[in-house]
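Residue numbers (this note's numbering): 4 to 200.
Cβ coordinates follow ideal geometry from the N, Cα and C atoms, glycine included.
Keep in mind it's a predicted model, so treat the numbers as computed, not measured.
Notes to accompany the following structure.
Written out as structure tokens, the structure is:
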């Protein structure tokens with residue numbers, strides 16, 4: 004599984020570096036209000052983090068994302084950016100400990116640093132709800148809550164299209180509404196594409 008994640012990451016970096024001559028000026032980012040993204044990747048639990056630290060859960064993820072910019076650029080210098088509200092519809096296929104789908108919805112806040120002309124780094128944090136059917140003894144409910152945060156970077160291939168690379172910390176638990184309530188803490192590496200309209 005790790006080899007698959009490394010292959011995907013290597014391909015993404017190869018595309019990113021080999022297309023640098025086609026990078027466009029991203030001044031347009033001041034005008035569009037909407038972002039539509041499709042991102043995919045791999046996630047695995049952290050060993051030694053939380054009560055459930057020895058239960059390994061691995062996922063392949065596909066996430067549909069809609070973003071709405073809340074204002075024009077704010078700030079000056081390196082931290083100049085645009086605030087964005089994101090709504091994500093994640094679908095995760097767990098492959099370990101068993102093959103099972105996880106589906107949900109999340110709402111996140113995002114800050115995109117727009118001072119660069121080619122690369123747009125961003126940070127995000129949000130919450131959501133997810134259906135999980137892993138039959139783990141340490142999880143007392145199939146309906147769980149998510150909080151997550153991370154950082155990424157976008158590389159613009161044209162005026163309205165960008166490649167994404169991001170890492171996120173992802174926490175799942177039932178918020179104490181059922182027993183037991185051992186969380187699943189994982190890291191996810193995701194790549195994808197965004198379209199601005």
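- The three-state secondary structure of residue 46, taken from DSSP, is strand.
- Contact between the segment 144–161 and the segment 116–133 is present, with at least three C-beta pairs closer than 8 angstroms.
- Setting aside the 5 residues that flank it on each side, residue 101 is surrounded in the same chain by 137 and 138, each with a C-beta closer than 8 angstroms to its C-beta; the list follows chain order.
- Contact annotation: the segment 156–164 does not touch the segment 179–192, with fewer than three C-beta pairs closer than 8 angstroms.
- Annotation for residue 181: 143 and 144 place their beta carbon closer than 6 angstroms to its own, counting only its chain and skipping 5 residues before and after.
- Between residue 96 and residue 48, the gap from beta carbon to beta carbon reaches 8 angstroms or more.
- Out of 167, 147, 196 and 170, the CA that lies nearest to the CA of residue 183 is found in 147.
- Comparing alpha-carbon positions, the option among 135, 92, 58 and 199 lying closest to residue 158 turns out to be 199.
- The continuous beta strand (DSSP E) containing residue 62 extends over residues 61–72.
- For residue 73, same chain residues with a beta-carbon under 7 angstroms away, outside a window of 5 residues either side, are 86, 87 and 88 in chain order.
- At the C-beta level, residue 43 and residue 84 stay beyond 8 angstroms of one another.
- A straight-line Cα-Cα distance of about 22 angstroms links residue 167 and residue 77.
- Residue 78 carries a coil assignment under DSSP once its states are collapsed to helix, strand and coil.
- Excluding its 5 nearest sequence neighbours in each direction, residue 111 has C-beta neighbours in its own chain below 6 angstroms: 89, 127 and 129, listed in chain order.
- For residue 188, the enclosing beta strand (DSSP E) has its first and last residue at 187–199.
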